[in-house]
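Protein chains: 2
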Amino acid sequence: MKRPTIADVARRAGVSKGAVSYALNGQPGVSEATRQRILAIAAEIGFNPSSAARALSGSTAEAVGLALRRPARTLGIEPFFMELISGVEAELSARSYALTLQVVSDQDAELAVYRRWWGERRVDGVLVCDLRVDDRRVPALEELGLPAVVIGGPRGTGALASVWVDDAAALVETVEYLYALGHRRIARVGGLPDLLHTAVRTAAFTEVCDRLGLAGAATVSSDYTGEEGARATRRLLSSASRPTAVIYDNDVMAIAGLSVAQEMGLAVPGDLSIVAWDDSPLCQLVHPPLTALSRDIPAYGAHAARQLLAVIGGAQGTTVQDEAAHLTPRGSTAPPRPR
Amino acid sequence: MKRPTIADVARRAGVSKGAVSYALNGQPGVSEATRQRILAIAAEIGFNPSSAARALSGSTAEAVGLALRRPARTLGIEPFFMELISGVEAELSARSYALTLQVVSDQDAELAVYRRWWGERRVDGVLVCDLRVDDRRVPALEELGLPAVVIGGPRGTGALASVWVDDAAALVETVEYLYALGHRRIARVGGLPDLLHTAVRTAAFTEVCDRLGLAGAATVSSDYTGEEGARATRRLLSSASRPTAVIYDNDVMAIAGLSVAQEMGLAVPGDLSIVAWDDSPLCQLVHPPLTALSRDIPAYGAHAARQLLAVIGGAQGTTVQDEAAHLTPRGSTAPPRPR
DNA sequence: CTGAAAGCGCTTACAG
DNA sequence: CTGAAAGCGCTTACAG
Chain S
1 MKRPTIADVA
11 RRAGVSKGAV
21 SYALNGQPGV
31 SEATRQRILA
41 IAAEIGFNPS
51 SAARALSGST
61 AEAVGLALRR
71 PARTLGIEPF
81 FMELISGVEA
91 ELSARSYALT
101 LQVVSDQDAE
111 LAVYRRWWGE
121 RRVDGVLVCD
131 LRVDDRRVPA
141 LEELGLPAVV
151 IGGPRGTGAL
161 ASVWVDDAAA
171 LVETVEYLYA
181 LGHRRIARVG
191 GLPDLLHTAV
201 RTAAFTEVCD
211 RLGLAGAATV
221 SSDYTGEEGA
231 RATRRLLSSA
241 SRPTAVIYDN
251 DVMAIAGLSV
261 AQEMGLAVPG
271 DLSIVAWDDS
281 PLCQLVHPPL
291 TALSRDIPAY
301 GAHAARQLLA
311 VIGGAQGTTV
321 QDEAAHLTPR
331 GSTAPPRPR
Chain H
1 MKRPTIADVA
11 RRAGVSKGAV
21 SYALNGQPGV
31 SEATRQRILA
41 IAAEIGFNPS
51 SAARALSGST
61 AEAVGLALRR
71 PARTLGIEPF
81 FMELISGVEA
91 ELSARSYALT
101 LQVVSDQDAE
111 LAVYRRWWGE
121 RRVDGVLVCD
131 LRVDDRRVPA
141 LEELGLPAVV
151 IGGPRGTGAL
161 ASVWVDDAAA
171 LVETVEYLYA
181 LGHRRIARVG
191 GLPDLLHTAV
201 RTAAFTEVCD
211 RLGLAGAATV
221 SSDYTGEEGA
231 RATRRLLSSA
241 SRPTAVIYDN
251 DVMAIAGLSV
261 AQEMGLAVPG
271 DLSIVAWDDS
281 PLCQLVHPPL
291 TALSRDIPAY
301 GAHAARQLLA
311 VIGGAQGTTV
321 QDEAAHLTPR
331 GSTAPPRPR
């Protein structure tokens with residue numbers, strides 16, 4: 001099939017290409033009657049303006065980039081990214097923006113992708129995930145002047161816009177809840193330690209445990225996979241003063257931890273309480289269903305996308321706080337059974 | 001920062017823009033010495049050709065589109081798509097192709113996206129997932145002449161290129177394995193019935209059960225969610241002649257089914273054997289770990305991407321068969337315990 | 001309110 | 001082997 005161009009529309013409408021452009025983009029410069037006629041003809045012949053031509057003539061690429069850096073196996077199993085993407089997408093497609101996705105292996109590759117996207121003018125802006133401690137992407141994006149919204153923070157985002165949630169508050173709420181249930185030996189299986197949100201959660205965990213006088217409360221680092229979550233749990237539960245409650249930084253590790261507890265003959269929640277960070281349907285599929293820190297991840301993504309579109313539109317980049325995760329108690333938490 | 005253009009490179013190299021273009025694209029028309037000098041300068045000033053300008057001057061968009069039609073909640077929980085995407089991406093980014101993603105709500109929206117992408121020249125081709133019975137996307141894409149590779153088949157793909165796997169063979173292998181273990185009452189919780197691969201599996205299931213003389217072997221339709229998988233399982237297990245083995249069309253439903261069995265006091269695998277279609281780390285996180293039909297989904301996606309790039313490059317669209325899923329026996333299958 | 005024209009940054013025949 | 005030029009399909013000042 002032959003693709004209709006703006007010239008085809010202009011010819012059929014008996015006007016200039018400029019008039020068609022004005023009509024299509026809601027600009028002044030054509031009478032209302034002409035605009036309607038042009039729009040009708042465009043719809044009739046199925047005209048869609050070439051994104052390349054629009055992008056080239058100074059307008060925008062109408063696309064937003066997202067580089068994902070986790071290894072493929074982690075990407076697949078964690079619902080987080082797919083949920084985030086679906087929220088981002090919902091917001092973008094409502095404005096006819098495309099989402100350009102790229103999986104990268106490391107930070108250098110990601111920086112190269114940003115530079116290439118910028119040079120190619122392929123995207124109008126990017127969404128930055130998994131903010132790290134001393135993240136080199138922040139200064140690099142600032143220097144390029146590529147519009148960006150960091151999903152994370154609130155620190156370390158430089159002058160870039162950001163959307164963040166108060167993970168420290170959610171962590172404190174969780175520990176206090178476990179404390180109120182009677183737990184005095186609480187451990188945590190954390191995510192990748194160089195991610196900023198992991199550092200935030202770890203600091204909050206240490207602080208609240210100190211405040212409550214919980215000695216030996218420690219975070220074990222892990223990598224979000226079931227294998228590592230299981231390994232960390234085995235280590236924790238083999239210790240002489242094993243914890244009576246464990247908080248996991250994602251659902252997959254929590255489910256793996258549940259399996260380990262069961263394989264070691266510990267009852268959940270009797271001998272061990274389990275809390276998963278990030279609720280997902282998975283948490284409700286296991287026995288007992290997992291107490292989880294729930295939040296609306298698609299809404300988080302949509303929020304970030306909205307802000308990015310605003311920044312692309314010329315708005316000042318701001319730091320916006322999204323709703324923190326809240327505890328959803330289920331069957332995996334209870335007062336510790338006396339030993 | 002100012003973006004360098006081809007004119008900047010040409011000026012610094014003391015040649016014409018045409019020469020730079022030839023040098024960059026490996027075309028004849030410049031001496032080897034000049035080419036090397038131009039490439040060095042381009043690298044030095046960080047030049048990346050504008051994708052818009054390339055696309056506009058008759059070349060390609062260097063992008064491939066993928067429209068995902070499942071609802072957000074299903075998208076998030078199923079590892080399948082993220083694994084597929086990571087495989088597609090690996091192949092595309094090696095060739096500097098971008099992946100444009102769009103989540104759509106229904107078939108009409110998806111057709112509209114294809115037409116828009118085509119009209120906008122935003123993508124050079126598309127990957128079509130979740131082939132349906134009498135899929136309207138096939139004739140629509142044929143008519144547009146938009147290069148496409150269908151992930152699925154082998155029937156119903158029209159003249160489009162496709163990559164498919166023999167689900168019927170995998171299903172037969174599974175039923176025969178359960179039969180050999182001694183199972184005579186086998187049920188199946190199937191996926192969405194209007195997906196072609198569901199129809200293929202259902203037909204194969206009926207056929208092999210007939211052949212083996214298994215009366216009453218039936219497929220219950222579901223929608224891949226844990227809720228529906230649990231509901232279907234409850235119904236099956238409440239029947240007077242409850243099955244001793246159930247095959248689920250995805251891992252999430254299988255895990256939900258395992259939970260239901262446990263909640264109803266049935267031992268797995270003693271009272272009920274469970275097989276999950278599509279292996280994922282999830283299957284190994286539960287107790288007992290699930291016997292699953294494993295396949296390399298990233299490889300499947302990479303395969304499809306490679307074929308799409310070939311079709312975009314002008315190759316004839318072919319029907320290619322990928323490796324079928326193979327049974328990975330784990331703790332959830334065993335001979336049925338006599339009642 | 002409308003038309004003619006320049007320009008975005010490339011690619012690619014066409015001359016030299 | 002290289003340069004000058006047309007053209008891709010839009011947008012947007014600039015005249016009328």
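The listed protein sequences correspond, in order, to chains S and H. Just so it is clear: in the first sequence, position 307 is 307 by full-length UniProt numbering, and no numbers are missing. Just so it is clear: in the second sequence, position 177 is 177 by full-length UniProt numbering, and no numbers are missing. All C-beta atoms in this analysis are idealised placements derived from N, C-alpha and C, irrespective of residue type, glycine included. Predicted model only: the values in this text are computed from it and were never measured.
Quiz item: So, do the region 50-60 of chain S and the region 47-56 of chain H have three or more beta carbon pairs nearer to each other than 8 Å?
Solution: yes
Practice problem: List the residues of chain H that MET1 (chain S) touches, going by C-beta distances under 7 Å, in chain order. | Solution: Working through the first sequence from its first residue, we reach residue 1 (chain S) at position 1. Within 7 Å Cβ-Cβ: GLU143, LEU144 and GLY145.
Quiz item: Would you report the Cα separation of LEU92 (chain H) and THR318 (chain S), rounded to the nearest angstrom?
Solution: As a working mapping, residue 92 (chain H) is identified with position 92 in the second sequence. As a working mapping, residue 318 (chain S) is identified with position 318 in the first sequence. Rounded to whole angstroms, LEU92 (chain H) to THR318 (chain S) spans 34 Å at the Cα level.
Exercise. May I ask you to report which of helix, strand or coil DSSP gives HIS303 (chain H)?
Key: Taking the first residue of the second sequence as position 1, residue 303 (chain H) is located at position 303. Looking at HIS303 (chain H) - three-state DSSP - the assignment turns out to be helix.
Practice problem: Go ahead and pull the three-state DSSP assignment for THR319 (chain S). | Solution: Working through the first sequence from its first residue, we reach residue 319 (chain S) at position 319. Three-state DSSP puts THR319 (chain S) in a strand.
Quiz prompt | Touch test, the region 214-230 of chain S against the region 181-193 of chain S, Cβ-Cβ under 8 Å, three pairs minimum | solution = yes
Self-check item: GLY172 (chain H) versus ASP134 (chain H) - alpha carbon distance
Solution: One-based indexing of the second sequence puts residue 172 (chain H) at position 172. One-based indexing of the second sequence puts residue 134 (chain H) at position 134. Per the sequence shown, residue 172 (chain H) should be read as Val rather than Gly. Spanning the two alpha carbons is a distance of roughly 25 Å.
Quiz item: Where LEU144 (chain H) and HIS197 (chain S) are concerned, what is the direct C-alpha to C-alpha distance, given to the nearest angstrom?
Solution: By one-based count along the second sequence, residue 144 (chain H) stands at place 144. By one-based count along the first sequence, residue 197 (chain S) stands at place 197. Each residue's alpha carbon lies about 47 Å from the other.
Self-check item: Segment limits, beta strand (DSSP E) that includes TYR248 (chain H)
Solution: In the second sequence, the residue the question calls residue 248 (chain H) occupies position 248. First-last of the beta strand (DSSP E) with TYR248 (chain H): 245-248.
Quiz item: Are the C-beta of PHE47 (chain H) and some C-beta of chain S separated by less than 9 Å?
Solution: The sequence position of residue 47 (chain H) within the second sequence is 47, counting from 1. Yes, PHE47 (chain H) counts as interfacial toward chain S.
Quiz item: Can you name the residues that DSSP bridges to TRP277 (chain H)?
Solution: For the purposes of this step, residue 277 (chain H) is identified with residue 277 of the second sequence, where counting begins at 1. Paired residue(s): H:LEU293.
Exercise. Enumerate in chain order the residues of its own chain whose CB-to-CB distance from GLU110 (chain H) is below 7 Å, with the five nearest sequence positions on each side excluded.
Key: Position 110 of the second sequence, counted from the first residue, corresponds to residue 110 (chain H). Within the same chain, GLU110 (chain H) has close Cβ partners ALA67, ARG69, VAL104 and ARG137.
Quiz item: If we count the other Cβ atoms within 10 Å of its Cβ and call it buried at 16 or more, is ASP278 (chain S) buried or exposed?
Solution: Position 278 of the first sequence, counting from 1, holds the residue named residue 278 (chain S). Burial call: buried.
Practice problem: Note down the Cα distance separating TYR114 (chain H) from SER96 (chain S), rounded to an integer number of angstroms. | Solution: Looking up residue 114 (chain H) in the second sequence gives position 114. Looking up residue 96 (chain S) in the first sequence gives position 96. Each residue's Cα considered, the two are about 13 Å apart.
Practice problem: Give the residues of chain H in contact with PRO269 (chain S), contact being defined as C-beta atoms less than 7 Å apart. | Solution: Here residue 269 (chain S) refers to the residue found at position 269 when the first sequence is read from its first residue. Per Cβ cutoff of 7 Å: no residues; PRO269 (chain S) is ~16 Å from chain H at best.
Practice problem: Would you identify the three-state DSSP class for LEU237 (chain S), choosing helix, strand or coil? | Solution: To locate residue 237 (chain S), count along the first sequence from 1; it is residue 237. Looking at LEU237 (chain S) - three-state DSSP - the assignment turns out to be helix.
Practice problem: Return no unless some Cβ of chain H is closer than 9 Å to the Cβ of TRP118 (chain S). | Solution: Sequence index remark: in the first sequence, residue 118 (chain S) carries index 118 (1-based). Yes - at least one Cβ of chain H is within 9 Å of the one on TRP118 (chain S).
Quiz item: Are the C-beta atoms of THR225 (chain H) and some chain S residue less than 9 Å apart?
Solution: Within the second sequence, residue 225 (chain H) is the residue found at index 225, counting from 1. For THR225 (chain H), the answer is yes, since a Cβ of chain S falls inside 9 Å of its Cβ.
Quiz item: Is the Cβ-Cβ distance between VAL268 (chain S) and ALA261 (chain S) less than 9 Å?
Solution: The residue labelled residue 268 (chain S) in the question sits at position 268 within the first sequence. The residue labelled residue 261 (chain S) in the question sits at position 261 within the first sequence. In this structure, ALA261 (chain S) lies closer than 9 Å to VAL268 (chain S) by Cβ.
Quiz item: Which residue spans inside the region 112-171 of chain S form an unbroken alpha helix (DSSP H) run of at least 4?
Solution: 137-144
Exercise. Could you pull out every residue in the same chain whose Cβ sits closer than 7 Å to the Cβ of ARG121 (chain S), ignoring the five residues on either side in sequence?
Key: The residue given as residue 121 (chain S) occupies position 121 in the first sequence. Cβ within range, chain order: ALA55 and ALA61.
Exercise. Look at the alpha carbon of THR206 (chain H) and the alpha carbon of VAL200 (chain H), and state the distance between them as a whole number of angstroms.
Key: Your numbering for residue 206 (chain H) matches position 206 in the second sequence. Your numbering for residue 200 (chain H) matches position 200 in the second sequence. Computed Cα separation, rounded: 10 Å.
Quiz item: If you check the beta carbons only, do VAL252 (chain H) and THR225 (chain H) fall under 9 Å apart?
Solution: On the second sequence, position 252 is the one that residue 252 (chain H) refers to. On the second sequence, position 225 is the one that residue 225 (chain H) refers to. Result yes, Cβ atoms of VAL252 (chain H) and THR225 (chain H) sit closer than 9 Å.
Practice problem: Quick one: using the 10 Å Cβ neighbour count with 16 as the cut-off for buried, is GLU83 (chain H) buried or exposed? | Solution: For the purposes of this step, residue 83 (chain H) is taken as residue 83 along the second sequence, with counting starting at 1. Buried.
Quiz item: Does VAL286 (chain S) have its Cβ less than 9 Å from a Cβ in chain H?
Solution: Counted from its first residue, the first sequence places residue 286 (chain S) at position 286. Yes, VAL286 (chain S) counts as interfacial toward chain H.
Quiz item: Quick one: is ALA232 (chain S) near chain H, going by C-beta distance under 9 Å?
Solution: As a first step, residue 232 (chain S) is located in the first sequence; it is residue number 232 there, counting from the start. By this cut-off, ALA232 (chain S) is not an interface position.
Quiz item: In terms of residues, what are the limits of the beta strand (DSSP E) holding VAL9 (chain H)?
Solution: Position 9 of the second sequence, counting from 1, holds the residue named residue 9 (chain H). Element bounds for VAL9 (chain H): not the beta strand (DSSP E) but the alpha helix (DSSP H), 6-13.
Quiz item: Do you know how far the Cα of ASP223 (chain H) is from the Cα of PRO281 (chain H)?
Solution: As a first step, residue 281 (chain H) must be located in the second sequence, where it is residue number 281. As a first step, residue 223 (chain H) must be located in the second sequence, where it is residue number 223. C-alpha separation (whole angstroms): 21 Å.
Quiz item: Tell me which same chain residues have a C-beta within less than 8 Å of the C-beta of SER273 (chain S), skipping the five on either side of it?
Solution: Here residue 273 (chain S) refers to the residue found at position 273 of the first sequence. The residues are LEU178, LEU181, HIS183, THR244, ALA245, VAL246, THR291, SER332, THR333, ALA334 and PRO336.
Quiz item: Nearest CA to the CA of ILE85 (chain S): which residue from S:ARG330, S:ARG306, S:GLN27 and S:ILE312?
Solution: Residue 85 (chain S) sits at position 85 when you count from the first residue of the first sequence. The shortest C-alpha separation from ILE85 (chain S) is found at S:ARG306.
Quiz item: Under 9 Å between C-beta atoms, does THR328 (chain S) make it to chain H?
Solution: As a first step, residue 328 (chain S) is located in the first sequence; it is residue number 328 there, counting from the start. For THR328 (chain S), the answer is no, since every Cβ of chain H falls outside 9 Å of its Cβ.
Quiz item: Are the C-beta of MET82 (chain S) and some C-beta of chain H separated by less than 9 Å?
Solution: Here residue 82 (chain S) refers to the residue found at position 82 of the first sequence. Taking Cβ atoms only, chain H reaches closer than 9 Å to MET82 (chain S), which makes this a yes.
Quiz prompt | Rounded Cβ spacing between PRO79 (chain S) and GLY76 (chain H) (contact assumed at less than 8 Å) | solution = For the purposes of this step, residue 79 (chain S) is taken as the residue at position 79 of the first sequence. For the purposes of this step, residue 76 (chain H) is taken as the residue at position 76 of the second sequence. About 4 Å; that satisfies the 8 Å criterion.
Exercise. Return helix, strand or coil for GLN27 (chain H), following the three-state DSSP convention.
Key: Walking along the second sequence from the start, residue 27 (chain H) turns up at place 27. In this structure, GLN27 (chain H) counts as coil in the three-state DSSP scheme.
Quiz item: For the beta strand (DSSP E) that VAL88 (chain H) lies in, which residues bound it at each end?
Solution: As a position in the second sequence, residue 88 (chain H) is number 88, starting the count at 1. That residue, VAL88 (chain H), is in no beta strand (DSSP E); its alpha helix (DSSP H) goes 79-94.
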